[in-house]
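First comes the structure, then the notes that go with it.
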Amino acid sequence: MFIESLKDGRNVWLNGKRIDITEDTNFRGTLTTIESLFSQLTNPKLQPLIGYFDDDLQQWVHKAFYLPRNITELQERRTAFEAWAKDTNGMMSRLSDYARSRVAGWYANREAYRELDPHFPGKIEAYYHIAKRENRFIAIVQRDPQINRSANEYYNTKKLGLLRITKKTNEGVYINGAKMIGTSAPYAHDIIVYPLAPLDEAKKDLAHMLIVPANAKGLHMVCRESFAEASQVEHSLSAQYDEMDAVLIFDDVFVPWERVLLHDNPIALAQLKVDSISNSLAYHQAIVRLQTKLSFMAAVANAMAHVIGADGYLHVQEKLGELIIQIRTIEGLIIAAEQNGKLEKDIYIPDFNYIQTARVLGTKYYPNAVEIIQLIGAGGLIQLPSSMADLSGQISQLTQQYYKGKNATAEERTKLFKLAWDLIGSPFGSRHKLYERFYSGDPMLQTADMWRKYDKKEWTRQLAPFWKNC
17 MFIESLKDGR NVWLNGKRID ITEDTNFRGT LTTIESLFSQ LTNPKLQPLI GYFDDDLQQW
77 VHKAFYLPRN ITELQERRTA FEAWAKDTNG MMSRLSDYAR SRVAGWYANR EAYRELDPHF
137 PGKIEAYYHI AKRENRFIAI VQRDPQINRS ANEYYNTKKL GLLRITKKTN EGVYINGAKM
197 IGTSAPYAHD IIVYPLAPLD EAKKDLAHML IVPANAKGLH MVCRESFAEA SQVEHSLSAQ
257 YDEMDAVLIF DDVFVPWERV LLHDNPIALA QLKVDSISNS LAYHQAIVRL QTKLSFMAAV
317 ANAMAHVIGA DGYLHVQEKL GELIIQIRTI EGLIIAAEQN GKLEKDIYIP DFNYIQTARV
377 LGTKYYPNAV EIIQLIGAGG LIQLPSSMAD LSGQISQLTQ QYYKGKNATA EERTKLFKLA
437 WDLIGSPFGS RHKLYERFYS GDPMLQTADM WRKYDKKEWT RQLAPFWKNC
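In my numbering, the protein residues as written are 17 to 486.
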């Protein structure tokens, strides 16, 4: 069902050719994974775990669309996120549960924008109901192409290819320009596009928020190199979970007015980007996935140390302990966010302070986990046989002897270390390290922002008896 829905004439480009992603081997593993996840809504045993029964629609709907009214319902949303994260070992960050949560939050808070744009509430309400009824895969793309990042050129729209409306008609608008990084865009149904950079009134010609169908005429998705491998035996992660990234080029793309959520409206757009309900619900999903991914990395590191008999060394135990501290820290922040949540517009949202703390820590924790796996595996991660076939070929007597571990056969040790290499050393693994470091924005800016937004009044009170300047 899901894969068939992508046979819609979309323009996806890979290796200089326009491809049908439903037939291309580079997408087969990822699409099969997504198909299996989406089909869970039709499985009676899994429906209650990842979905809820919508009385109005009279059908099961993914819990990312659910609007929690209390902490119990918020935790039920978390169970859905955990289920998909565990099914993919946290390696797929844009399975649409994040984008769906954003849409649900904007829908819940829609009336807050009526004064800024009287049409927005009706448009987002209509799309929210369509998306959940049709189980639509939604992607969000915000970033501008890296053509010239110098400050004096940054808003030169035409030179930098910034997305803009070039024509307005009674039926809708035409847009031109480009966006990156379109993670999951090639297999999405709809793409929500808006700028990440702050805009003032002088730049209102860039202040748009649009919902563009993936098969829109004139939309070209130019993919990066595929990191998907055919063999799950040799490349167990990249064969199933390669989330494709793409540059989206909009060449005179038409968008009907009902899908133009905002236009020429920097004030409304700025408010929408920091919407407390949308941000809290969406990034709640993000840190649940992060916790699952860090746990998976710790499991791999622990197994490697055991297999080669290194877990008896104190310095290795310390490194494994670091990974456990990371897991428990993120888990604790998830619990704190939920327990300290509040009702806003009758929606129970997690405390964003704890969510943001977890997101910022994730930019540091993930590279640290990669380094620990590198240090434990060391040269063993490089000196792997070219394929599992080397262990059953003509010199199998020798390879069986020299590729085994203290606590594993040659096959067991090789499979584990190939998994670890796919996780941290392959092109797929390298992409994940880069993604986790930067997907939430500039790590330095995000960390500094924690200080800027922190309520420092208590610090002032604490220092008052000792420091007269207080």
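By construction, the Cβ of each residue, glycine as well, lies at the ideal position given by its N, Cα and C atoms.
For residue j and residue i, the rounded distance between their alpha carbons
i	j	result
Leu215	Leu285	9 Å
Lys61	Trp76	12 Å
Glu245	Asn42	7 Å
Leu479	Ser292	32 Å
Leu397	Ser456	29 Å
Met225	Tyr299	20 Å
Ile140	Arg126	7 Å
Asp268	Lys183	9 Å
Ser252	Val316	13 Å
Ala218	Asn281	11 Å
Lys79	Thr308	18 Å
Glu274	Asp406	59 Å
Gln355	Pro366	8 Å
Ala96	Asp258	21 Å
Phe69	Leu57	10 Å
Leu178	Lys195	8 Å
Ile371	Arg453	16 Å
Ser296	Arg118	9 Å
Phe243	Pro443	6 Å
Selection from the options that minimises the alpha carbon distance to residue i
i	options	result
Leu377	Ile207, Ile388, Ile343 and Ile365	Ile343
Leu277	Tyr299, Val209, Ala255 and Leu297	Val209
Trp11	Trp475, Gly198 and Gln63	In the structure as shown, the chain begins at 17 and stops at 486. Residue 11 is therefore absent and cannot be evaluated.
Ile265	Arg26, Arg447, Met17 and Gln416	Arg26
Tyr364	Ala101, Ser294, Asn318 and Cys239	Ser294
Ala262	Arg275, Ile303, Leu339 and His236	His236
Phe270	Asn186, Leu336 and Ala298	Asn186
Asn369	Gly348, Tyr381, Lys380 and Ile389	Gly348
Tyr359	Gln307, Arg240, Met313 and Ala124	A quick correction: the sequence has Leu, not Tyr, at residue 359. Answer by Cα proximity: Ala124.
Lys231	Gln256, Gln248 and His205	This sequence places Asn at residue 231; Lys is not what is there. When only C-alpha atoms are compared, the closest one is His205.
Asp72	Asp133, Asn86, Ser52 and Lys148	Lys148
Ser21	Arg34, Lys33, Glu150 and Thr104	Glu150
Ile303	His331, Pro272 and Thr379	Thr379
Leu391	Lys431, Ala326, His448 and Ile346	Ala326
Tyr114	Val386, Gly393, Ser242 and Arg305	Arg305
Leu288	Asp133, Asp103 and Thr38	Asp133
Ile19	Asn31, Gly32 and Asp36	Asp36
Span of the beta strand (DSSP E), counted from its first residue to its last, around residue i
i	result
Val77	Gln75 to His78
Tyr364	Ile363 to Ile365
Arg34	Lys33 to Ile35
Met237	Leu235 to Cys239
Leu111	That residue, Leu111, is in no beta strand (DSSP E); it is neither H nor E in DSSP.
Ile140	Here Ile140 belongs to no beta strand (DSSP E); instead the alpha helix (DSSP H) covers Phe136 to Arg149.
Leu30	Asn27 to Leu30
Asp517	Lying outside 17 to 486, the shown extent of the chain, residue 517 is not represented and no answer is given.
Three-state secondary structure (DSSP) of residue i
i	result
Ile154	strand
Val386	helix
Asp70	strand
Lys183	strand
Tyr190	strand
Glu354	helix
Pro229	strand
Met17	coil
Asp465	helix
Asp221	helix
Asn295	helix
Lys309	helix
Lys380	helix
Glu338	helix
Arg159	strand
Leu178	strand
Glu360	strand
Segment limits, alpha helix (DSSP H) that includes residue i
i	result
Ile87	Ile87 to Asp103
Ile50	Thr41 to Phe54
Lys473	Lys473 to Leu479
Point to revise | Length at least 4, wholly inside the segment 414 to 454: the alpha helix (DSSP H) runs in chain order | key: Runs found: 426 to 440 and 443 to 454.
Review point. Which ranges does the alpha helix (DSSP H) cover as unbroken runs of at least 4 residues, wholly within the segment 256 to 293, from first to last along the chain?
Key: DSSP runs (the alpha helix (DSSP H)) wholly in the segment 256 to 293: 282 to 289.
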